[in-house]
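Protein sequence lines correspond, in order, to chains A and B. Using my numbering, read the first sequence as starting at 1 and increasing by one per residue. Using my numbering, read the second sequence as starting at 285 and increasing by one per residue. Beta carbons are placed, not taken as given, at the ideal position from N, Cα and C, and that holds for glycine. Owing to the predicted nature of the structure, the values given are computational and were not obtained by experimental measurement. To keep things clear, I will list the structure first and then write my remarks on it.
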Amino acid sequence: MTQTAKKPVSTKKTILRLLLYFVVLDVCVITLYPYFAMLCTALKSREEIFSGGTVLPITAIWSNFIDIWSRAPMARYMLNSVMIAGGSTIIAMLCGIPAAYALARMKFKGQTAFLGFVIVSQMFAPVVLLIGIYQVMQTLNLTNSILGLVFINAAFNQAFTIWLLRGTFMGISADMEQAATIDGCNRIQSMMKVLLPVAAPGIVTTLIFIFINAWNEYTVALCLIQDDLLKPLTVGINTFNGYNIIEWQYLFAASIFAIIPVVILFMCIEKNLVSGLASGGVKG
Amino acid sequence: MATLNLKNIQKIYPHSNDQKKAKKKKGEPEKKTNLQVTDQGVIAVQSFNLDIADKEFIVLVGPSGCGKSTTLRMVAGLEEISGGELYIDGKLVNDVEPKNRDIAMVFQSYALYPHMTVYENMAFPLKLRKMDKDEIDRRVKEAAEILDITQYLDRKPKALSGGQRQRVAIGRAIVREPKVLLMDEPLSNLDAKLRNQMRAEIIKLRQKINTTFIYVTHDQTEAMTLGDRIVIMKDGFIQQIGTPQEVFDHPANLFVSGFIGMPQMNYFNAKLVNEGGKYAVAVENCKVILSDEKQKNLAANKVQPQDITLGVRPSHMVLSKQPGNTLTATIDVSELMGSEVHFHANANGKDVVVIVPTMNADGERIDSYHAGDKLNLTFSGNVCHLFAKDGKNLEF
């Protein structure tokens, strides 16, 4: 009796599970297909791309991935991107950590208003501010300069940094820092020696997010940089998108190189998102 | 090893802007606790006067929100002192940084550093003081030995149980050999069995290390067993300071009498009468002449006959065979505890708890009483606690 009663339930469960797998598979295919098409196109010859045909290349031309390095200053673009993303990450963190600490641990007049202001600053799309940014950069003589892009990207990511780090710091019991002050730390020491190591997973996550955002930034870099050797990867890839001809195979091969760091960093965040480090210090 | 003097210590939490606005609107702020609220803010602690002797173990006890932890945090330097003076070893330390007060503190939440091993946790305060490496090693190992955590020195706090974490927290506090050791409800996160065990450990620890202790708890058992003196607090005020026995035997007011002692003291509406120069209490048909000591105290205070609240502890109530000069109560519930019986009875609408030994001096067994049976209760003149209607003990 119990067996017969159980059977329909398990069948229902199996069907539900199959349905779930089907949906997940669909989502995966839809999401991953563009990347697949990108890889396939990167492996085709120019003639094959323009002759139509199947998605899969007839013969895989791996040399496309090598050719791009000689056809455009790819290494330089990559170095520029690393400098812009790295520099803006460092500046955003250097400003964001003290700001988030103050918002999480101290009380001051206008705190709520400041937090509101920070979030409002995030609401404007960078494109809306483009003309203003250009004018400011021109005044500072920072157009066509990597340093200018470093500052702009740091500023764009500041609000996000402050909010994310504030949340991380607030999630950590203040008891630990108080214990540290009694143990002999001053405020800065208690932050450096206790709070930041404990907040490491949150800090790493924020860090990588900023890096990826800055790495992927396109519009401002396109408008501000004229010198080919100062272009970041996102803008530099356009070299293959010429006036007369678009070299799709090279464009996609370069794009694949551009997304590799992002994919690797995302994989790192995934590991760090497990916020297990903070457990154990305090009760629970 | 230090003396502490707290002189008229006060803590005021200023109103936040929102509260000020609410106050303007409503005229008066919402009152969530019994703490006094003034224009300046909520007064969490006031008129706190206490002199703590060298190597004394002081326990601050009271219900939640009474200001005991705030007081401790003011001693630690984690809270600013709004008024009054705090001296450690005769030196005014109101504005001294926590790290320069030479105190150590054990937190309720342990507050261990999760990214450091047990060894590193314990060595941390010593490293900050730039102590010699060998000396750090010696002290950490010695403290670990005392607390029986030597085998866990390489572990991270995450890999320890609650009791072990608490030992590490205590270890981190004692390695520094501080002048004063502060403990903020250190056992309240542990289960009952572990708490009893750790309580005994703290008593042992105290014998091993020579330092002044201030211990905050809401658990009266901890207060009674650990403290040389107990400070009982309520609504930011000290209610009584005394040794555990003093506080138990001579509670200064109704609150203290109810807070200390399990089960709680029984209260009766009674009359204090003076017959031929002798004070006596009368509850219903029962009249008891007070002991000589109480007579003396009341006479010294020139207490007039009046309506009072009479308090008698459950273990001081006596069963009487003959009705007459007794209180009559009906048993609601009888709990057999082995060597004694707890009767929860009703005496004229008042709940009364009576604790009697299972067997009396004559060898008669008491456990034959059942729910609904009548009890004849009496008490002697030296166990009465006489409280005026405002709650103050008339003998004080």
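Fewer than three beta-carbon pairs drawn from the segment 479-499 of chain B and the segment 316-333 of chain B are found closer than 8 Å, and the two stretches are therefore not classed as touching. Legend: CB atoms of the segment 376-396 of chain B lying less than 7 Å from CB atoms of chain A belong to residues Pro382, Lys383, Ile387, Ala388, Met389, Phe391, Ser393, Tyr394, Ala395, Leu396.
What Met267/A touches in chain B, judged by beta-carbon distance under 8 Å, is nothing: the nearest beta carbon there is about 23 Å away. Close to chain A, meaning a Cβ-Cβ distance shorter than 7 Å, are the following residues of the segment 407-438 of chain B: Phe408, Pro409, Leu412, Arg413. By alpha-carbon distance to Val617/B, the top candidate from Gln606/B, Met517/B, Val638/B is Val638/B.
Burial of Cys570/B is indicated by the presence of at least 16 other C-beta atoms within 10 angstroms of its C-beta. Distances from the alpha-carbon of Asn186/A to those of Leu478/B, Lys383/B, Ser393/B, Leu510/B put Lys383/B closest. Proximity of the segment 121-139 of chain A to the segment 177-193 of chain A falls short of the contact definition, fewer than three beta-carbon pairs being nearer than 8 Å.
The beta-bridge partner set that DSSP reports for Lys291/B consists of Glu369/B. In the DSSP annotation of this structure, the continuous segment of the alpha helix (DSSP H) that includes Phe532/B starts and ends at 528-533. Asn157/A is a Cβ neighbour of Phe209/A, given a cutoff of 9 Å. With respect to Ile146/A, Leu230/A sits close: the two C-beta atoms are nearer than 9 Å. Asp635/B sits in a strand when the DSSP states are folded into three classes.
Within the same chain, Cβ atoms closer than 7 Å to the Cβ of Thr614/B are found at Ala629, Asn630, Gly656, Lys658, the five residues on either side in sequence being excluded. For Met621/B, the closest of Gly374/B, Ala566/B, Asn609/B, Val640/B by C-alpha to C-alpha distance is Val640/B. Judged by DSSP secondary structure, Asp418/B falls within the alpha helix (DSSP H) whose first and last residues are 417-431.
Taking a contact as a CB-CB distance under 8 Å, the pair Leu478/B and Gly446/B counts as one, their CB atoms being some 7 Å apart. Of the candidates Thr642/B, Asp646/B, Thr662/B, the residue whose Cα lies closest to the Cα of Tyr653/B is Thr642/B. Counting only the Cα atoms, Thr89/A lies some 29 Å from Gln178/A.
Leaving aside the five residues that flank Trp248/A on each side, the residues in its chain whose CB is nearer than 6 Å to its CB run, in chain order, Thr41, Ile49. Gln135/A and Phe151/A have their C-alpha atoms spaced approximately 14 Å apart. With contacts defined by Cβ atoms closer than 9 Å, Gly595/B and Phe671/B form a contacting pair. Within chain B, the residues Arg357, Ala360, Leu362, Pro382, Met389, Phe391, Ala395 have their CB atoms less than 9 Å from the CB of Gln178/A, given in chain order.
For Arg166/A, the three-state secondary structure derived from DSSP is helix. By the rule that beta-carbons nearer than 9 Å mark a contact, Pro398/B touches chain A. Residue range 476-492 is occupied by the alpha helix (DSSP H) that includes Lys488/B. Check the Cα spacing between Gly520/B and each of Phe552/B, Lys580/B, Ala337/B, Ile296/B: the tightest is with Ile296/B.
For Glu619/B, the uninterrupted beta strand (DSSP E) run begins and ends at 611-620, by DSSP. By alpha-carbon distance to Phe552/B, the top candidate from Gly542/B, Met546/B, Ile420/B is Gly542/B.
Relative to the Cα of His399/B, the nearest Cα in the group Met83/A, Phe108/A, Ile172/A, Thr11/A belongs to Ile172/A. Ranking Ile514/B, Met546/B, Lys673/B by CA distance to the CA of Gln588/B puts Lys673/B first. Contacts with chain B at 9 Å (Cβ-Cβ) include Val194/A.
Contact of Cys223/A with chain B is not assigned, every C-beta pair being separated by 9 Å or more. Residue environment for Ile342/B: buried (at least 16 other C-beta atoms within 10 angstroms of its C-beta). Taking Asp335/B as the centre and dropping the five residues before and after it, the same chain places the C-beta of Asn289 closer than 6 Å to its C-beta, in chain order. Any Cβ of chain B closer than 9 Å to the Cβ of Cys40/A would place that residue at the interface, and such an atom is absent.
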